[in-house]
Amino acid sequence: MIELEDTTAAEISSAFGRQRTWSGSPVMGMVMTLVVVTPEDHAEQAMRDAQEASHEHPARVLGIILGKASGPPRVDAQIGIGAGWSGEMALIKLSGAVVHHDESVVLPLLLPDSPVVVWWPVDPPKDPAADRLGALAQRRITDAAAVTRGHRKALLHQCTAYTSGNTDLAWTRLTPWRALLAAALDQFPEKVTAASVTGERVSPSADLMAAWLSDRLKVDVERHGSQGPGLTEVVLTTRAGDVRLSRHDGVHAVISSPGAPDRPIALPRREVPALLTEELRRLDEDEVYARTVAHLLELEEQK
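Residues 9 to 311 (our numbering) are what the sequence shown spells out, left to right.
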């Protein structure tokens, strides 16, 4: 690990080159630049999560800590290759006036001719695409469930500001649920006449699930609260009976449908590295998510 105090982007770039030469790690093996914008007290965990995700997606990972804007401009960095990283990493702390020009530090460090992804582990900007760092990226990842306060308000901000390339880990958490429900309806092809979603009272994932079902099935979806954890039950009502997917312990689920025995299914809540890894697999627009957030806003206007 190289420590650089009161440094510049040029010196950080040179340090990357020296580290690659020393370790024999070619830059051509990296497929993207992942920029992690994180508070200092969350930086260690965020970089660990990014490290796990980098095992499938070798990347130059730039952790950016925005310190206090007062005082003289200063850039400090820790740089490393190896030690569990499949690419390169730099944890960069900005303070002083440079906080308001963070893109000037990050831009020279982006891998040429490679995608750029920006991830805010907590407290993202209201409009990620308009953010100075977000504007550099093809993909912008937020997490409404991880904000310090106001989870539902944070989700609505992300829906309102949606543009191609935006996504939220609250949506990613629904991938296995959506796959299981789609498979259940394939095996039980009855018309759904109503639906309900049950989850924690404040659960961005449950809100997105309700909007997705409403949009796809063109039915009214009731939203119920529970003690969690997270999303606990989805019920699809048909004339022949209910198709039900329930998970009350955060690990084991049961899916039931009329005329068939209940089927236990492993459905554990996924940790952030697994969610981040999934999102890094696609850099094009998620059209289903785009439709879902637009429909959620339509439902909000009808309240």
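All residues carry an ideal CB built from backbone N, CA and C; glycine is no exception.
What did DSSP end up calling residue i once you bin it into helix, strand or coil?
i, result
"T245", "strand"
"V114", "helix"
"E11", "strand"
"K101", "strand"
"D250", "strand"
"L305", "helix"
"D215", "helix"
"D139", "coil"
"V107", "helix"
"V4", "The requested residue 4 does not occur in the structure, where the chain is confined to residues 9 to 311."
"R255", "strand"
Would you tell me roughly how many angstroms separate the C-alpha atoms of residue i and residue j, rounded to the nearest one?
i, j, result
"L253", "M40", "37 Å"
"G238", "D57", "20 Å"
"L164", "T29", "46 Å"
"S155", "E293", "It should be noted that the sequence gives Val, not Ser, for residue 155. Roughly 24 Å between the two C-alpha positions."
"A61", "L288", "8 Å"
"A191", "E111", "44 Å"
"W185", "I263", "11 Å"
"I87", "L221", "45 Å"
"A363", "P120", "Since the displayed the chain opens at 9 and closes at 311, residue 363 lies outside it and no answer follows."
"E52", "D250", "45 Å"
"A145", "P123", "7 Å"
"P281", "H65", "12 Å"
"W127", "G158", "19 Å"
"L307", "G79", "46 Å"
"V200", "K311", "23 Å"
In the DSSP output, what is residue i paired with across the bridge?
i, result
"V130", "None, per the DSSP bridge assignment."
"S204", "E230, V243"
"E96", "R68, I89"
"H260", "A274"
"L42", "V69, V125"
"R148", "V126, N174"
"L74", "L102"
"R181", "According to DSSP, which records beta bridges pairwise, R181 is partnered with nothing at all."
Would you kindly check if the distance between the Cβ of residue j and the Cβ of residue i is under 8 Å?
i, j, result
"L70", "I89", "no"
"V125", "I149", "yes"
"P212", "A261", "no"
"T300", "L188", "no"
"C167", "L42", "no"
"A18", "P116", "yes"
"G95", "R68", "yes"
"L258", "P276", "Checking the displayed sequence, the identity of residue 258 turns out to be Gly instead of Leu. Contact: yes."
"V114", "T15", "no"
"E279", "R247", "no"
"A85", "L141", "no"
"M55", "M97", "yes"
"V210", "R160", "yes"
"R7", "L291", "Because the chain in this structure spans residues 9 to 311, residue 7 falls outside the shown range and cannot be described."
"A218", "V229", "yes"
"T183", "E286", "yes"
"D151", "D176", "yes"
Please confirm whether any heavy atom of the ligand SAH lies closer than 7 Å to the CB of residue i.
i, result
"V69", "Ligands in the displayed structure: none, and consequently the ligand SAH is not present."
Say whether the region 46-57 touches the region 67-74, bearing in mind that this needs 3 or more beta-carbon pairs closer than 8 Å, one atom from each stretch. yes
If you pair each beta-carbon of the region 170-178 with each one of the region 133-143, do three or more pairs fall below 8 Å? yes
Stretch pair the region 196-213 + the region 233-247: three plus CB contacts closer than 8 Å: yes
When the Cβ atoms of the region 218-225 are set against those of the region 248-268, are three or more pairs found closer than 8 Å? no
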